[in-house]
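Engineer:
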Amino acid sequence: MLGRLNHVAIAVPDLAAASAVYRDMLGAKLTEPQALPEHGVTVVFIDTGNTKIELLEPLGEGSPIAAFLEKNPAGGMHHLCYEVEDIIAARDRLKAAGARVLGDGNPKIGAHGKPVLFLHPKDFLGTLVELEQV
Ligand code: CO
Numbered sequence: 103m104l105g106r107l108n109h110v111a112i113a114v115p116d117l118a119a120a121s122a123v124y125r126d127m128l129g130a131k132l133t134e135p136q137a138l139p140e141h142g143v144t145v146v147f148i149d150t151g152n153t154k155i156e157l158l159e160p161l162g163e164g165s166p167i168a169a170f171l172e173k174n175p176a177g178g179m180h181h182l183c184y185e186v187e188d189i190i191a192a193r194d195r196l197k198a199a200g201a202r203v204l205g206d207g208n209p210k211i212g213a214h215g216k217p218v219l220f221l222h223p224k225d226f227l228g229t230l231v232e233l234e235q236v
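Heads up: the sequence shown begins at 103 in the numbering used here, then just goes up one per residue.
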């Protein structure tokens, strides 16, 4: 069921400053910032060849990363995203195994235009896990 690591997400308080760290200090190529109002974030992606880094900045009221940034004001690692072939089959299998799916339990369309789901960090070793259907 578990596919490749699609991206590692880092929540940041200032997307422009965070982008500058990756662009200017690390010499990375970045995508243009993309606002995702349905997810309450603006994102920038960095392709590292074998996976991607996703920089996340809060967008709008009640952003799902606002509380995380209150606890981690300088930013921090927020979630891992794994690819799956069939997100509904993956969700049903995980729910049957006792895992909690966040939100209403149905996939939303993510930053790559593909269905995504988030799994409760308490069920995955303290790590928020995103699944993306590829
Ligand atoms: Co993500």
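We put the CB at the ideal spot given by N, CA and C, even for glycine.
1. Taking only heavy atoms of ligand 1 into account, decide whether any of them is closer than 7 angstroms to the Cβ of E163.
2. Mapping the DSSP letters down to three states, classify M103 as helix, strand or coil.
3. Can you tell me which residues form a DSSP beta bridge with T150?
4. Taking the beta strand (DSSP E) that L196 falls in, what are its first and last residues?
5. Would V218 and L182 qualify as a contact pair, given that the criterion is a beta-carbon distance under 8 angstroms?
6. Taking 7 angstroms as the cut-off, is the CB of A111 close to at least one heavy atom of ligand 1?
7. Does any heavy atom of ligand 1 sit closer than 7 angstroms to the C-beta of R159?
8. Based on the DSSP secondary-structure assignment, which residues constitute the bridge partners of T144?
9. Could you check the C-alpha separation between I155 and K224 for me, to the nearest Å?
10. Under DSSP, the beta strand (DSSP E) around L219 begins and ends at which residues?
11. Starting from K210, follow its DSSP beta bridges and name the residues at the other end.
Structural biologist: Considering the structure as presented:
1. The residue given as residue 163 occupies position 61 in the sequence shown. No, the Cβ of E163 stays beyond 7 angstroms of every heavy atom of ligand 1.
2. Within the sequence shown, residue 103 is the residue found at index 1, counting from 1. Looking at M103 - three-state DSSP - the assignment turns out to be coil, as it is neither helix nor strand.
3. Locating residue 150 in the sequence shown gives position 48, where the first residue counts as 1. In DSSP, T150 forms no bridge with anything.
4. Taking the sequence shown and counting its residues from 1, the one referred to as residue 196 is at position 94. Where L196 is concerned, there is no enclosing beta strand (DSSP E), although the alpha helix (DSSP H) it sits in stretches over 189-198.
5. As a first step, residue 218 must be located in the sequence shown, where it is residue number 116. As a first step, residue 182 must be located in the sequence shown, where it is residue number 80. No, Cβ-Cβ distance for V218 and L182 is not below 8 angstroms.
6. For the purposes of this step, residue 111 is taken as the residue at position 9 of the sequence shown. Yes, Cβ of A111 sits closer than 7 angstroms to a heavy atom of ligand 1.
7. Counted from its first residue, the sequence shown places residue 159 at position 57. The question names Arg, but residue 159 in the sequence shown is Glu. False, no ligand heavy atom lies under 7 angstroms from that Cβ.
8. Your numbering for residue 144 matches position 42 in the sequence shown. Per DSSP, A137, E159.
9. Position 53 of the sequence shown, counting from 1, holds the residue named residue 155. Position 122 of the sequence shown, counting from 1, holds the residue named residue 224. Spanning the two alpha carbons is a distance of roughly 23 angstroms.
10. Locating residue 219 in the sequence shown gives position 117, where the first residue counts as 1. Run containing L219: 217-221, per the beta strand (DSSP E) assignment.
11. Counting from one through the sequence shown, the residue named residue 210 turns up at place 108. Answer by DSSP bridge pairing, in chain order: V218.
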